[in-house]
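Participant:
There are 2 protein chains.
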Amino acid sequence: MPELNSPLAVVGTVAIDAVKTPFGARDRVFGGSASYFSYAASFFTPVSLIAVVGQDFPEEYRKILKEHPIDLSHLEVINGKTFSWKGEYGTDLNTAHTLDTQLNVLLDFKPKLMFKTLPEYIFLANVDPLIQADVLDQLEKPKLKFVACDTMNFWIANKRKEVLEVLARVDAVVLNDGEARQLTGEPNLIRAGQKIKELGPGYVIIKKGEHGVLLFYESHFCALPAYPLEEVYDPTGAGDTFAGGLMGHLASTGDLSFENMKKAIATASILASFTVEDFGLEALRRIQRSDIDQRLALFRKISSF
Amino acid sequence: MPELNSPLAVVGTVAIDAVKTPFGARDRVFGGSASYFSYAASFFTPVSLIAVVGQDFPEEYRKILKEHPIDLSHLEVINGKTFSWKGEYGTDLNTAHTLDTQLNVLLDFKPKLMFKTLPEYIFLANVDPLIQADVLDQLEKPKLKFVACDTMNFWIANKRKEVLEVLARVDAVVLNDGEARQLTGEPNLIRAGQKIKELGPGYVIIKKGEHGVLLFYESHFCALPAYPLEEVYDPTGAGDTFAGGLMGHLASTGDLSFENMKKAIATASILASFTVEDFGLEALRRIQRSDIDQRLALFRKISSF
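Chains as they are written, first to last, in this note's numbering: chain A, -15 to 289; chain B, -15 to 289.
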């Protein structure tokens, strides 16, 4: 398979999930932070997926990724089973309760990057901060334009030092309200956002699920509501999809101004609004770029005064 | 005192509160739904305050109301003590815990309306729905342009039938997310808003505190974030201030289009953002109309993309 010339790369997980929501349960759902991210980002730009799977990784899932311009040269296959996550949501749909995590091949994940053309936009999706740092070590060149990262409550609690070291090296961090509060010990999200900026990332993006998103940058600020949905079917992957939309928009426009960053978080919100309307990547697989643009135009209309 | 020619009237409570927040405690704070409402609305238009107080009602509080064009002809003074409420907020500041309620003169509140010029905009602030209905009976004329109401968890739980009867008679209802869920049994706020529309009010406005506000009208929808605040000192009165800003804007512009309603909820959010920055009416007393306009312009900037 020839390598795509991708300006954007993501390191994260590719997973086989089992998900239960008030609306139904699915046993084998194609998931993982890097899967959602790359499928979303690739509506806008080719993207390289850096991840590891086991020998059990289904060919049908690989085919799903190939529906979009997603470069799989760095999707490593090693001995063992693919990472799997099992989770459940209550009626509020805001918090995932993890029932089981099988790291499997993730335990041996050591990305070896051999890009012919180095990506200039990097997203460090939710994996061990040591892996995030390792990828940065391999790609950090003067040429790098924009690096963003995600993290999760587990790493903040158990590898805080390593999380902080990654934060000091990135241009942006994308995290949810609970993680922002956990990281700073600050219940007020406006103050939490300011404090996270001081940890290193110029841009701080706090996702609040159904309540929208906050963006902090120097003395600038932006708050957007969420796109209104009557049916949230499965929130799994919403955050990774958001990040994919964000980075896809930035990499395809090449514009890192604050004004364009506002458009990027709006686009990101729209992508996430599709993902939660079905299990796994199903809703994203059904849409075209024009569906995104249409929903984005409506979003602008309903959130302006 | 000559009656002001007020296009807008509010019926509600005038109270002496005791409030404790993580930032401090105050024993005698001038409060009540009609006080906050009328002080906020009167930045935009004269407003008639329909309420009852006891003989202990301090002259200094009356003077505060007179700082603005608030008509007090219908502020009745009767034998007994003024309504008082004592409440406390935890660190999340979203939920008030009522420690004590002394209805006092509210138990005998039977508004007798004798307007020379009838108001065309009416707000039924949070009081017993039977009093709200009584005021509507007295004012409901073909001339009435716009009636909105508020309510609270206590009335929804204990006088549900009476609340529903009021809802069937108003043009708009303003309530918070918890009340919207309680009223409809619907956890999803978008669906809750749709369901409340079916109860009668054309316009449904759901306040989400720090997460902003949702507006429903026919097939139209609007979502706005909250104005970002690093310091929320005391949330008491935020909802009543919001309603005052909303109705004040509508009554002063006379424009009931959906586009102007969006401006009204933005204005309402800005008024509320001032109130929570201090105890009672203190923050509102410090500002001018120009401060509101300035914050509103910034709000538009930070919430558009």
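Think of the CB as a built atom: it goes at the ideal place given N, C-alpha and C, for glycine as much as any other residue.
Shortest alpha-carbon distance to Leu167/A belongs to which of Ala267/A, Arg153/A, Asn142/A and Tyr187/A?
Facilitator: Nearest C-alpha to Leu167/A: Asn142/A.
Participant: Out of His52/A, Ile62/A, Leu49/A and Phe258/A, which has the shortest C-alpha to C-alpha gap to Lys94/A?
Facilitator: Nearest C-alpha to Lys94/A: Ile62/A.
Participant: Helix, strand or coil: how does DSSP classify His233/B here?
Facilitator: Helix at His233/B.
Participant: With DSSP run on the structure shown, which of helix, strand or coil describes Ala251/A?
Facilitator: First, the amino acid is wrong: residue 251/A is Thr here, not Ala. The answer is helix: DSSP assigns Thr251/A an H, G or I state.
Participant: Could you tell me the distance, in whole angstroms, from the CA atom of Gln86/A to the CA atom of Ile190/B?
Facilitator: Straight-line Cα distance between these residues: approximately 42 Å.
Participant: Could you compute how far the alpha carbon of Lys50/B sits from the alpha carbon of Leu114/B?
Facilitator: Between Lys50/B and Leu114/B, the C-alpha separation is close to 29 Å.
Participant: Closer than 7 Å by beta-carbon distance: list the chain B residues that pair up with Pro171/A, in chain order.
Facilitator: What Pro171/A touches in chain B: Thr75 and Asp76.
Participant: Any idea what DSSP makes of Ala109/A, helix, strand or coil?
Facilitator: Ala109/A falls in the coil class under three-state DSSP.
Participant: Under three-state DSSP, which class holds Phe(-3)/A?
Facilitator: It is worth fixing the name first, because residue -3/A is Thr in this sequence and not Phe. Here Thr(-3)/A sits in coil by DSSP.
Participant: Return the chain-ordered list of same chain residues with a C-beta closer than 6 Å to the C-beta of Leu199/A, the five sequence neighbours on each side being excluded.
Facilitator: Taken in chain order, the residues that qualify are Ile189, Cys206 and Ile249.
Participant: Whose Cβ in chain B lies nearer than 9 Å to the Cβ of Glu214/A?
Facilitator: Asn172, Ile174, Arg175 and Gln178, listed in chain order.
Participant: Kindly list, in the order they appear in chain B, the residues whose Cβ is closer than 9 Å to that of His195/A.
Facilitator: Going along chain B in sequence order, the residues near His195/A (Cβ under 9 Å) are Lys192, Glu194, His195, Gly196 and Pro209.
Participant: For the beta strand (DSSP E) containing Asn160/A, name the first residue and the last one.
Facilitator: Note, Asn160/A: beta strand (DSSP E), Ala156 to Asn160.
Participant: Measuring only between beta-carbons, confirm whether Ala156/B sits less than 8 Å from chain A.
Facilitator: Ala156/B does not count as touching chain A.
Participant: When burial is assigned at 16 or more other CB atoms within 10 Å of the CB, is Leu77/B buried or exposed?
Facilitator: Its Cβ being crowded by 16 or more others within 10 Å, Leu77/B is buried.
Participant: Measure the Cβ-Cβ separation of Gly232/B and Ser26/B and say whether it is below 8 Å.
Facilitator: Yes. Within cutoff.
Participant: Along chain B, in chain order, which residues have C-beta atoms closer than 8 Å to that of Ser57/A?
Facilitator: By Cβ distance, chain B contributes nothing, its closest Cβ being about 35 Å from Ser57/A, past 8 Å.
Participant: What does DSSP give as the partner residue(s) for Gly15/B in the beta ladder?
Facilitator: Paired residue(s): Ala(-1)/B.
Participant: Does the region -4 to 16 of chain B come close enough to the region 64 to 82 of chain B that 3 or more CB-CB pairs lie under 8 Å?
Facilitator: Contact holds: three or more Cβ-Cβ distances are below 8 Å.
Participant: Tell me which residues of the region 249 to 274 of chain B have at least one Cβ-Cβ distance to chain A shorter than 7 Å, keeping chain order.
Facilitator: Per Cβ criterion, the list reads Ala250.
Participant: Does any residue of chain A have a CB that is nearer than 8 Å to the CB of Lys4/B?
Facilitator: Not closer than 8 Å to any Cβ of chain A, the Cβ of Lys4/B fails to qualify, so no.
Participant: Among all the DSSP beta bridges, which residues are the ones paired with Gln86/A?
Facilitator: Beta-bridge pairing links Gln86/A to Ser68/A.
Participant: By DSSP's criteria, Glu60/A is part of a beta bridge. Which residues make up the other side?
Facilitator: According to DSSP, Glu60/A bridges with Val36/A.
Participant: Can you list, in chain order, the residues of its chain whose CB lies under 7 Å from that of Val36/A, leaving out five sequence neighbours each side?
Facilitator: Cβ neighbours of Val36/A beyond the five flanking positions: Glu60, Ile62, Val89, Leu90 and Phe93.
Participant: Would you identify the three-state DSSP class for Val216/B, choosing helix, strand or coil?
Facilitator: Residue state, collapsed to three classes: coil.
Participant: Beta carbon of Gly(-4)/A, beta carbon of Ala109/A: below 8 Å?
Facilitator: Contact flag set, yes.
Participant: Measure how close the beta-carbons of Ser253/B and Ala281/B come, nearest whole angstrom, since I'm counting them as under 8 Å.
Facilitator: Incorrect: roughly 13 Å between the Cβ atoms, too far for contact.
Participant: My guess is that Glu146/B and Ala164/B are in contact by the Cβ rule of under 8 Å, so how many angstroms apart are they, rounded?
Facilitator: No, Glu146/B and Ala164/B are not in contact; Cβ-Cβ is about 18 Å, not under 8 Å.
Participant: Within this structure, are the beta carbons of Gly15/B and Gly193/B separated by less than 8 Å?
Facilitator: No; because the gap between Cβ atoms is not below 8 Å, this pair is not in contact.
Participant: Do Phe21/A and Phe107/A have their C-beta atoms within less than 8 Å of each other?
Facilitator: For Phe21/A and Phe107/A, yes; Cβs fall inside 8 Å.
Participant: I'd like to know whether the C-beta of Phe28/B is nearer than 8 Å to at least one C-beta of chain A.
Facilitator: Cβ-Cβ to chain A under 8 Å: no for Phe28/B.
Participant: Less than 8 Å between the beta carbons of Phe283/A and Leu255/A, yes or no?
Facilitator: Cβ atoms of Phe283/A and Leu255/A: not closer than 8 Å.
Participant: Taking Cβ positions only, does Ser241/A come closer than 8 Å to chain B?
Facilitator: With 8 Å as the cut-off, Ser241/A does not count as an interface residue toward chain B.
Participant: Need the endpoints of the beta strand (DSSP E) that Lys94/A sits in, please.
Facilitator: Premise fails: Lys94/A is in no beta strand (DSSP E) and is neither H nor E.
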